[in-house]
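A.B. asks: Here's a structure for you.
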Amino acid sequence: MLQRIQDRAIAERISPHIIDEVIQEASFKPDVIGRDRNQAEFKYTLNEYISRMIDGTRVAKGRDMKKKYPTLLRRVDQKYGVPPHVILAFWGLESNYGTFKSTHRISDAFLSLIYEGRRAEFFTAQLFALMKHADKNKLAIDSLRGSWAGAMGHFQFIPTTLAQYGKSANADGRIDVINRVSDAMFSAGYFLHRLGWNKDERIVRKVSLPAGFDMSLCDAKTKKPLSAWAAMGVRNSDGGALPVASKSAGMVCDERDNNNVGYLAYDNFYRIKKWNNSNAYAVTVAMLSDRLK
1430 MLQRIQDRAI
1440 AERISPHIID
1450 EVIQEASFKP
1460 DVIGRDRNQA
1470 EFKYTLNEYI
1480 SRMIDGTRVA
1490 KGRDMKKKYP
1500 TLLRRVDQKY
1510 GVPPHVILAF
1520 WGLESNYGTF
1530 KSTHRISDAF
1540 LSLIYEGRRA
1550 EFFTAQLFAL
1560 MKHADKNKLA
1570 IDSLRGSWAG
1580 AMGHFQFIPT
1590 TLAQYGKSAN
1600 ADGRIDVINR
1610 VSDAMFSAGY
1620 FLHRLGWNKD
1630 ERIVRKVSLP
1640 AGFDMSLCDA
1650 KTKKPLSAWA
1660 AMGVRNSDGG
1670 ALPVASKSAG
1680 MVCDERDNNN
1690 VGYLAYDNFY
1700 RIKKWNNSNA
1710 YAVTVAMLSD
1720 RLK
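Counting from 1 along the sequence shown, just add 1429 to a position and that's the residue number in this note's numbering.
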């Protein structure tokens, strides 16, 4: 396997020192295989997930980061049209503003997963994207550390995503999303921009559901005009009427929470799901971003 990877890397003109770092210093990681085979299936309800992810500490730290990086956040907003509170919400959820740092040597994680074989094609693509990223940006392979599945940096990008959306905020043109907050924020802003982010549109609207509401509509897949939701008895969370608008939205709610709370999901919600395909994650980004405005 290693010989095959080395031969391909040579054919793709990856620098010899990068190839040597990956191949000659390779180490099989059985714990990575264990994590891949036994990924936890989270059973939190929607409200439980939101409560676990958004607490006073995370909100306070996000506000501190807003004060610490006003110029950088403004640059991202001006260049990519993604407001500071949205960038901060993703940053807070992905890495707790850079304080959560996984320490797996990413190349070894990929090699172990390729050897294990279940998703060899996917992880081979990740490995070569990682090697090319290190080569192009003059980064040591050993410095590229992250999760067991290869997510790295402040916004937890995998290498193929980084290859497509990575941006440098600095004059040197190098991209380092692990050690440079500026590059990480620019990359996140560009990614959301490419997903079509609309800074003039909210993500979700918290609403009150009527008794007997059809909970089969709560998976965000069925979009209806706001007037149709209103006709079903859906109201603003404060009890007021929904706005009169031609806009359509999906609905997110969880009957396990045993309450009448739902979230009307607008287009930005569905853009977040292209970042992380989880209704709970997308709603939580929305809720945290509102707290950080």
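We treat Cβ as the ideally placed atom computed from N, Cα and C, and that holds for glycine.
From a predicted model like this one, the values you see are computed outputs, not experimental measurements.
With 16 as the cutoff for other CB atoms within 10 Å, does residue 1446 come out buried or exposed?
C.D. replies: So residue 1446 counts as exposed.
A.B. asks: What does the Cβ neighbour count give for residue 1628, buried or exposed, with the cut at 16 atoms within 10 Å?
C.D. replies: Flag for residue 1628 reads exposed.
A.B. asks: Would residue 1431 be called buried (16 or more neighbouring beta carbons within 10 Å of its own) or exposed?
C.D. replies: Residue 1431 comes out exposed.
A.B. asks: Let me know the secondary structure DSSP gives residue 1666 once reduced to three states.
C.D. replies: Coil.
A.B. asks: Check the DSSP bridge columns for residue 1679 and list the partner residues they point to.
C.D. replies: Bridge partners of residue 1679: 1694.
A.B. asks: Who does residue 1637 pair with in a DSSP beta bridge?
C.D. replies: Partner(s): 1664, 1690.
A.B. asks: So what does DSSP say about residue 1654, is it helix, strand or coil?
C.D. replies: Note: residue 1654 maps to strand in three-state DSSP.
A.B. asks: In the structure shown, what three-state DSSP assignment does residue 1603 receive?
C.D. replies: Here residue 1603 sits in coil by DSSP.
A.B. asks: Less than 8 angstroms separating the Cβ of residue 1605 from some heavy atom of the ligand ZN?
C.D. replies: Among the components of this structure there are no ligands whatsoever, and the ligand ZN is therefore not found.
A.B. asks: Between the Cα of residue 1686 and the Cα atoms of 1444, 1475, 1459, 1460, which residue gives the shortest distance?
C.D. replies: Ranking the options by Cα distance to residue 1686, first place goes to 1475.
A.B. asks: I think residue 1397 touches residue 1638, with their Cβ atoms under 8 angstroms apart; what is that distance to the nearest whole Å?
C.D. replies: Outside the shown range of the chain (1430 to 1722) lies residue 1397, about which nothing can therefore be said.
A.B. asks: Between residue 1569 and the rest of its own chain, which residues show a CB-CB distance below 8 angstroms, the 5 nearest in sequence each way excluded?
C.D. replies: Excluding positions up to five away in sequence, the list reads 1450, 1563.
A.B. asks: Going by CA-CA distance only, name the one from 1515, 1560, 1530 that's closest to residue 1536.
C.D. replies: Comparing Cα positions, the closest option is 1560.
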